[in-house]
Amino acid sequence: MNKLLAGLLTLPLLFSCGDKKEKTEDTATTTEIVTPERITVKGTELYKGDKPYHYIGTNYWYGTLIAAKEGGDRERLAKELDMMKEYGIDNLRILVGAEAGTQDFTVNPALQPKQGQYDNNLLDGLDYLLNEMAKRDMHAVLYLTNNWEWSGGMAQYLEWNGKGEFPNPNVPPHTWPEFMDYTKQFHSCEPCMQAFKNHIKFILGRSNTYNDKKYTEDNTIMAWQVANEPRVFTADNEEKFTLWLNDVVNLIDELDPYHLICTGSEGKAGSADDIAIYERTHNNPKIDYLTMHIWPKNWGWFKHENAGETLPVVITNAQQYINDHIAVAQKLNKPIVLEEFGLPREGESLDKKASVANRDTFYKSVFDRLEQSVTNKEAFAGLNFWGFGGIGKNNPENGKWNKGDDFTTDPPQEPQGLNSVFATDTTTLNLIKEYNKKLQK
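Residue numbering for the sequence shown follows full-length UniProt numbering, beginning at 1 and increasing consecutively.
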């Protein structure tokens, strides 16, 4: 008897068996535990229960940290989950946990302070977060590590396994090219890859202490995501990257055939700027849906000092980027989600009172493209904007994050509030609410 079937015999819920893309959930036999409907895939469509699922969700990577019993802020968590639900935001992309957290500009506290050792307080926070989301009929996309330094990620695994201290690009004299050359080693570091697989086994083997649900059977979880923005880095690394990616995807599918799997890729931007590489690396039937990210400022499309001329360029380029990736998704017969995109406030101000008119214009153009996709039954299925800062407090003078400061969805190495959508950004939130209502129709 396999692990999934064995677990079903002890649950108050009954699930049908078969391919994970076709399985459906029976009605719950108890009202004591809130159970969101399961998210599945059929062709290029996401489904929630028996209905197509289209959404404008958000990035809420720090959710586990503020859900922690010690050092968290569960009152803030409750307020923010309720607020998001009010605006129709029911899909949250969340970091399972950071690695180490000992360098400047890295998330602290870390879920893994040392390789294979776990902070029980943060594991409890993950349990609590998922349980609170279930009460509100919300869904989580959980990414299991990070390509970037701000939460330790792959670079930390390399450091743990004898590759030398990772060159943090936020700390001079280190540079981004140096960091990327270092991190590229991950795809050929056997002990690093094995340690990450052990981490996956540990997380997927967990049961929630607040509701006794196995993670592998919890409908609150929409998908497991391999990593935040895993990159090929260079074209000559495609073979090693693809072998690693498929190995991880296959492991997740073996451990949990019930949930969806995605990679967390930026798309072309994470594939040596070659969309053919993106297509090849995602041509695995166990990858259930595709992802893409768009960062106009980071990619040089948007100049805040010349917003009038560059914002139209942003919209044109973003539409083309989306269209190119929809074409790949259609070819591979998978849905695709734009799970990261953002734009700073006017003048790159960190003041919550600064205008978000340019951001709203950009967001609306993306929302319109999603609505068009839904109308035309294209593969573009959903969005997660970056990101929800809620009622978090930032320092508009310098934006620096220090241990103990509020998390605001911008990672620690970036100015806090740069891309955050705060509770006070009502024009943006009302726009999201408007389009989420449209999508539900």
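All residues carry an ideal CB built from backbone N, CA and C; glycine is no exception.
If I measure Cβ to Cβ from residue i and keep anything under 7 Å in the same chain, skipping five residues before and after, which residues do I get?
{"i": "F196", "result": "T145 and Y157"}
{"i": "T209", "result": "D124 and D127"}
{"i": "D253", "result": "I261 and K286"}
{"i": "N237", "result": "K184 and H187"}
{"i": "T31", "result": "Summary for T31: the model assigns pLDDT 38, below 50, so the residue's position carries little reliability; its value from the coordinates is reported in the next sentence. So no residue of the chain qualifies."}
{"i": "N198", "result": "G116"}
{"i": "H174", "result": "P167 and N168"}
Among the candidates the options, whose CA atom is the shortest distance from the CA of residue i?
{"i": "residue 498", "options": "L46, G57 and Q194", "result": "As displayed, the chain neither begins before 1 nor continues past 441, which places residue 498 out of reach and without an answer."}
{"i": "K69", "options": "Q320, P285 and D119", "result": "D119"}
{"i": "R76", "options": "K331, F422 and F179", "result": "F422"}
{"i": "G71", "options": "K441, D406, E414 and G417", "result": "D406"}
{"i": "N91", "options": "Q330, N298, W244 and W386", "result": "W386"}
{"i": "V107", "options": "N121, L65, R74 and G88", "result": "L65"}
{"i": "A318", "options": "A235, E86 and Y363", "result": "Y363"}
{"i": "P230", "options": "E217, L260, Q185 and D218", "result": "Q185"}
{"i": "E190", "options": "K353, K240, D82 and D368", "result": "K240"}
{"i": "A329", "options": "A379, I315 and A276", "result": "A379"}
{"i": "R251", "options": "E132, I277, T234 and Q194", "result": "Reading off the sequence, residue 251 comes out as Leu, not Arg. Out of E132, I277, T234 and Q194, Q194 has the C-alpha closest to the C-alpha of L251."}
{"i": "G389", "options": "K114, P36 and L429", "result": "L429"}
{"i": "L95", "options": "A140, D247, A134 and G116", "result": "A140"}
{"i": "residue 447", "options": "Y321, N298, D247 and H174", "result": "The structure shown does not extend to residue 447, since the chain is modelled only from 1 to 441, so the question has no answer here."}
{"i": "N219", "options": "N402, N398, I391 and G49", "result": "G49"}
{"i": "G404", "options": "E37, V232 and D73", "result": "D73"}
{"i": "N170", "options": "W150, E132 and Y182", "result": "W150"}
{"i": "N211", "options": "T35, E397 and G392", "result": "T35"}
{"i": "K51", "options": "P173, W160, E305 and V374", "result": "V374"}
{"i": "H304", "options": "R93, R369, E340 and S349", "result": "S349"}
{"i": "E434", "options": "F202, E37 and F367", "result": "F367"}
{"i": "G284", "options": "A276, E309 and T242", "result": "Here residue 284 turns out to be Asn, not Gly, going by the sequence shown. Of the listed residues, the one whose Cα sits closest to N284 is T242."}
Excluding the 5 residues flanking residue i on each side, which residues of the same chain have their C-beta closer than 6 Å to its C-beta?
{"i": "S355", "result": "E346"}
{"i": "L255", "result": "L204"}
{"i": "L439", "result": "H54"}
{"i": "E178", "result": "P167"}
{"i": "V248", "result": "V226"}
{"i": "T424", "result": "K352"}
{"i": "W160", "result": "Q115"}
{"i": "K393", "result": "D406"}
{"i": "N398", "result": "none"}
Return the Cβ separation of residue i and residue j in integer angstroms, given the expectation that the two are a contact with Cβ distance under 8 Å.
{"i": "A381", "j": "L46", "result": "5 Å"}
{"i": "W295", "j": "V313", "result": "Contact flag wrong, Cβ pair sits at about 14 Å."}
{"i": "T409", "j": "W61", "result": "7 Å"}
{"i": "N228", "j": "W148", "result": "7 Å"}
{"i": "N395", "j": "Q416", "result": "7 Å"}
{"i": "V99", "j": "G152", "result": "A small fix is needed here, since residue 99 is Glu in this sequence, not Val. Between G152 and E99 the Cβ distance is about 3 Å, and since that is below 8 Å, they are a contact."}
{"i": "P109", "j": "L130", "result": "Contact flag wrong, Cβ pair sits at about 19 Å."}
{"i": "N59", "j": "N298", "result": "That pair is no contact at about 15 Å."}
{"i": "W244", "j": "L142", "result": "About 19 Å separates the two Cβ atoms, so there is no contact after all."}
{"i": "H259", "j": "I221", "result": "6 Å"}
{"i": "L311", "j": "N376", "result": "Going by Cβ atoms, the distance from L311 to N376 rounds to 26 Å, so no, they are not a contact pair."}
{"i": "G97", "j": "Q117", "result": "With a Cβ gap of about 12 Å, G97 and Q117 do not count as contacting."}
I'd like the list of long-range same chain contacts for residue i, defined as Cβ closer than 8 Å, with 5 residues on each side in sequence excluded.
{"i": "N419", "result": "G342, L343, P344, W386, G387, T409 and D410"}
{"i": "R136", "result": "L81, D82, K85 and D90"}
{"i": "E279", "result": "V328, K331 and L332"}
{"i": "T234", "result": "K184 and A272"}
{"i": "D360", "result": "T427, T428 and L431"}
{"i": "K437", "result": "G88"}
{"i": "K400", "result": "P415 and Q416"}
{"i": "S365", "result": "I315, A318 and Q319"}
{"i": "M180", "result": "R231 and F233"}
{"i": "A78", "result": "E132"}
Inset, instruction - Would you be able to state if there are at least three C-beta pairs under 8 Å between the region 147-165 and the region 95-111? - result: Touching, per the Cβ criterion.
Legend entry - Uninterrupted alpha helix (DSSP H) stretches inside the region 115-163 (no shorter than 4 residues): 120-135 and 153-160
Inset, instruction - Could I get the ranges of all uninterrupted alpha helix (DSSP H) runs contained in the region 236-303, with 4 residues as the minimum, in chain order? - result: 238-255 and 275-281
Inset, instruction - May I ask you to verify whether the region 36-48 touches the region 322-336, counting CB pairs closer than 8 Å and requiring at least 3? - result: yes
Inset, instruction - Check whether the region 281-297 touches the region 315-327, counting contact only when three or more Cβ pairs, one atom from each stretch, lie closer than 8 Å. - result: yes
Inset, instruction - Pair every Cβ in the region 159-178 with every Cβ in the region 267-279, then say whether three or more of these pairs are closer than 8 Å. - result: no
Inset, instruction - Could you pull out every unbroken beta strand (DSSP E) segment of at least 3 residues lying fully inside the region 156-201, listed in chain order? - result: none
Legend entry - beta strand (DSSP E) segments (min. 3 residues) lying fully within the region 47-95: 55-59 and 91-95
Legend entry - Length at least 4, wholly inside the region 358-398: the alpha helix (DSSP H) runs in chain order: none
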